[in-house]
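K.L.:
2 protein chains.
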Amino acid sequence: MSGYRAVPNSLPRRQIYRLPRAQRVADIMLTARAVFSEKGYTDAMIAEIAERAGVVEGTIYRYFSGKRELLIKVVEDWYEEILTDYDRQLLGIRGTWNRLRFMIWRHLSVVHNDPAMCRLIFNELRSVPEYRETAVFELNREYTNRTLAIVQEAMDSGEFRVGIPLRVVREMIYGGIEHHTWSFLRGEGEFSPEDSADAITDIIYRGLVRSGVAIDRGEEAIRRLEEVADRLERAADMSEEELSCKTGKSAC
Amino acid sequence: MSGYRAVPNSLPRRQIYRLPRAQRVADIMLTARAVFSEKGYTDAMIAEIAERAGVVEGTIYRYFSGKRELLIKVVEDWYEEILTDYDRQLLGIRGTWNRLRFMIWRHLSVVHNDPAMCRLIFNELRSVPEYRETAVFELNREYTNRTLAIVQEAMDSGEFRVGIPLRVVREMIYGGIEHHTWSFLRGEGEFSPEDSADAITDIIYRGLVRSGVAIDRGEEAIRRLEEVADRLERAADMSEEELSCKTGKSAC
DNA sequence: AAAATTAATGAGCCTTACTCACCATGTCCA
DNA sequence: TGGACATGGTGAGTAAGGCTCATTAATTTT
Numbered sequence: 044m045s046g047y048r049a050v051p052n053s054l055p056r057r058q059i060y061r062l063p064r065a066q067r068v069a070d071i072m073l074t075a076r077a078v079f080s081e082k083g084y085t086d087a088m089i090a091e092i093a094e095r096a097g098v099v100e101g102t103i104y105r106y107f108s109g110k111r112e113l114l115i116k117v118v119e120d121w122y123e124e125i126l127t128d129y130d131r132q133l134l135g136i137r138g139t140w141n142r143l144r145f146m147i148w149r150h151l152s153v154v155h156n157d158p159a160m161c162r163l164i165f166n167e168l169r170s171v172p173e174y175r176e177t178a179v180f181e182l183n184r185e186y187t188n189r190t191l192a193i194v195q196e197a198m199d200s201g202e203f204r205v206g207i208p209l210r211v212v213r214e215m216i217y218g219g220i221e222h223h224t225w226s227f228l229r230g231e232g233e234f235s236p237e238d239s240a241d242a243i244t245d246i247i248y249r250g251l252v253r254s255g256v257a258i259d260r261g262e263e264a265i266r267r268l269e270e271v272a273d274r275l276e277r278a279a280d281m282s283e284e285e286l287s288c289k290t291g292k293s294a295c
Numbered sequence: 044m045s046g047y048r049a050v051p052n053s054l055p056r057r058q059i060y061r062l063p064r065a066q067r068v069a070d071i072m073l074t075a076r077a078v079f080s081e082k083g084y085t086d087a088m089i090a091e092i093a094e095r096a097g098v099v100e101g102t103i104y105r106y107f108s109g110k111r112e113l114l115i116k117v118v119e120d121w122y123e124e125i126l127t128d129y130d131r132q133l134l135g136i137r138g139t140w141n142r143l144r145f146m147i148w149r150h151l152s153v154v155h156n157d158p159a160m161c162r163l164i165f166n167e168l169r170s171v172p173e174y175r176e177t178a179v180f181e182l183n184r185e186y187t188n189r190t191l192a193i194v195q196e197a198m199d200s201g202e203f204r205v206g207i208p209l210r211v212v213r214e215m216i217y218g219g220i221e222h223h224t225w226s227f228l229r230g231e232g233e234f235s236p237e238d239s240a241d242a243i244t245d246i247i248y249r250g251l252v253r254s255g256v257a258i259d260r261g262e263e264a265i266r267r268l269e270e271v272a273d274r275l276e277r278a279a280d281m282s283e284e285e286l287s288c289k290t291g292k293s294a295c
């Protein structure tokens, strides 16, 4: 009823260091990221985060409304770091296959480089009720939309057939990547972002491409073969010329 | 230190109904399934399950080692129901496309019919550390393997091209389905298992099919390749003739 | 230097999973 | 029929961890 009554005490108290709000928040988030990464959400204890951040539990609740909000803030923070100069790289890449492959490879690389954070997002953050209100949701949507823009462009240009809902494409790419990286995220195996990106891009590209128009590298192979044929023919022509020269059919 | 001492009391106690172990376990699991479905894992309280099952908390711990084991048992129970006479239906279906489509449609239908249980599996069960030791993991693996068997057959027969790792196919199908059904599982929209199955099967099938075998204008590519081969042969023949002619090995 | 503001504290509250000493009911058998 | 035994069931109590808030301390403003 009348709880929370503090008793006056005069025990020696350790020196209290006061920091500007922004600094303290940054400290706590950094520590929280580490603890959440190591232990996962449920096993991480606010008490441990507080201790490692050099504050007391109550201090954390002064800056974050609860454990869940702390998790969300930590992940948002990380996510923004990751997305920095993402677009710039894409600008330098030409061709639908290459652009799709880049987006897929990039996503796989993020998982490969920061498995702990990705595990947090996949396993904990995304199942919280307010996920769709977080910045992570928004950022993620924005960023997968860039992949869909590539697909849309290819549909507009006639390279891809139309009629496949874009969201299904998104779901197959990112759902596929997620399931693909599971065992790695559990620490039960490795994967190569390069090889995996090739395999996934391959299925998606061929699943969407307009038949006969441009079967990616198959088309390229044919083109090169035709070039070879041309060169051989030219070579043959030259031989013919030589021959005709000898036989007096033309001026040499 | 010396806790857990029961005081003798003679207060009126409600009638205690004793049931055989199997019956009590079944009752508790049924109630637990309902409560977990309604509230999700973390918000479900053992106290509520106990009350609705007409027992006291301690009774539940007599039959289940903890909340997590209860969840696992509940989901295993449900999963086995679902998988009953699954194969029999597949037997009547012919053709790779139809068989794949059936497997995908079936999975989508399960999610559609029992969203609460699927949400439990996707959001809670699969992130627990001992997931890979559960029967659900094993059953799930077995059942997705049937999809891969269809793909493998098509590769063997030449309908599908080879070289794509089967597990990537699995991951894209089931990961795609999972992401596809998310918004529905959050209660934020509907989906049609039929239409979704068509779209997903479409991408997967065309992503795997050997170009030119079933894709109309792929024929075009083969024709051009054959033309190239012809020209190469003609060019080679001519060169050979010329060469042998020049070196006098044959009569020109 | 006093007042106001803001940072930080830490004892204690509250919920909830889980334990365990005991009690009740049914069955077997002399 | 009544004791022994097995098994179903209880509920008060503990532990752990998230969270609160009255109070205190450092810093800034006046």
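Chains as they are written, first to last, in our numbering: chain A, 44 to 295; chain B, 44 to 295.
Think of the CB as a built atom: it goes at the ideal place given N, C-alpha and C, for glycine as much as any other residue.
#1: For the putative contact between L114 (chain B) and E181 (chain B), defined by C-beta atoms under 8 Å, what is the C-beta separation to the nearest angstrom?
#2: Given that R143 (chain A) touches chain B, what residues does it touch there, using C-beta distances under 7 Å?
#3: Find out if the Cβ-Cβ distance for the pair I92 (chain A), A240 (chain A) is shorter than 7 Å.
#4: Give me, in chain order, the residues of the same chain whose beta-carbon lies closer than 7 Å to that of V171 (chain B); leave out the 5 immediate sequence neighbours on both sides.
#5: Roughly how many angstroms lie between the CA atoms of V194 (chain A) and F145 (chain B), to the nearest whole one?
#6: If Y248 (chain A) sits next to L133 (chain A), beta carbons under 8 Å apart, how far is it from one beta carbon to the other, in whole angstroms?
#7: Using the Cβ count rule (16 or more neighbours within 10 Å means buried), how would you classify R61 (chain A)?
#8: In the segment 227-253 of chain A, which residues sit with their C-beta less than 9 Å from some C-beta in chain B, listed in chain order?
#9: For F203 (chain A), name the three-state secondary structure that DSSP assigns.
#10: Alpha carbons only, please: which of B:Y129, B:R105, B:L163, B:G206 is nearest the one belonging to R253 (chain B)?
#11: Check whether chain B comes within 7 Å of M146 (chain A), counting only Cβ atoms and requiring the distance to be less than that.
#12: Give the DSSP-derived three-state secondary structure of V98 (chain B) in the structure shown.
#13: Look up V252 (chain B) in the DSSP assignment and say whether it is helix, strand or coil.
#14: Is G218 (chain B) helix, strand or coil by DSSP?
#15: So which residues on chain B does E185 (chain A) lean against when the C-beta distance must stay under 7 Å?
#16: Can you confirm whether M72 (chain A), when its beta carbon is compared against all beta carbons of chain B, has any partner nearer than 7 Å?
#17: Could you confirm whether any beta carbon from chain A is found closer than 7 Å to the beta carbon of D259 (chain B)?
#18: Would you give the residue range spanned by the alpha helix (DSSP H) that M146 (chain A) belongs to?
#19: Along the chain, where does the alpha helix (DSSP H) containing Y122 (chain A) start, and where does it finish?
#20: In three-state terms, what does DSSP make of E237 (chain A)?
#21: Mapping DSSP to helix, strand and coil, what is R213 (chain A)?
#22: Anyone know if the C-beta pair for V16 (chain B) and M72 (chain B) falls short of 7 Å?
#23: Using 7 Å as the limit for Cβ to Cβ distance, is M215 (chain B) near chain A?
#24: Does the separation of the CB atoms of T224 (chain A) and V154 (chain A) fall below 7 Å?
#25: Using a cut-off of 8 Å between C-beta atoms, extract the partners of P158 (chain A) located in chain B.
#26: Judging by CA-CA distance, which residue of B:I220, B:L209, B:R210 is the nearest neighbour of E214 (chain A)?
#27: Give the C-beta separation of S226 (chain B) and G218 (chain B) to the nearest angstrom, bearing in mind that I take them to be a contact with Cβ-Cβ under 8 Å.
#28: Among A:Q58, A:E196, A:V179, A:A65, which has the Cα closest to the Cα of D120 (chain A)?
#29: Specify, as a first and last residue, the run of the alpha helix (DSSP H) that S80 (chain A) falls within.
#30: Going by CA-CA distance only, name the one from B:A65, B:G83, B:Q58, B:R149 that's closest to L163 (chain B).
#31: For H155 (chain B) and chain A, any beta-carbon pair shorter than 7 Å?
P.N.:
Inspection of the coordinates gives the following:
#1: Actually they do not touch by this definition, with Cβ atoms about 17 Å apart.
#2: Before going further, note that residue 143 (chain A) is Leu rather than Arg in the sequence given. Chain B residues near L143 (chain A): none, gap ~12 Å exceeds 7 Å.
#3: no
#4: R111
#5: 27 Å
#6: No, Y248 (chain A) and L133 (chain A) are not in contact; Cβ-Cβ is about 17 Å, not under 8 Å.
#7: exposed
#8: R229, E231, D238, S239, A242, I243, D245, I246, I247, Y248, R249, G250, L251, V252, R253
#9: strand
#10: B:G206
#11: no
#12: coil
#13: strand
#14: helix
#15: The contacting residues do not exist; E185 (chain A) stays about 16 Å from chain B at best.
#16: no
#17: Low confidence applies to D259 (chain B): its pLDDT is 44, below 50, so where it sits in the model is not reliable, and the reading given next is rough at best. Yes, its Cβ sits closer than 7 Å to a Cβ of chain A.
#18: 139-156
#19: 110-126
#20: helix
#21: helix
#22: The displayed coordinates of chain B run from 44 to 295. Any statement about residue 16 (chain B) would go beyond what the structure contains.
#23: yes
#24: yes
#25: The contacting residues do not exist; P158 (chain A) stays about 14 Å from chain B at best.
#26: B:I220
#27: Going by Cβ atoms, the distance from S226 (chain B) to G218 (chain B) rounds to 16 Å, so no, they are not a contact pair.
#28: A:V179
#29: 64-82
#30: B:G83
#31: no
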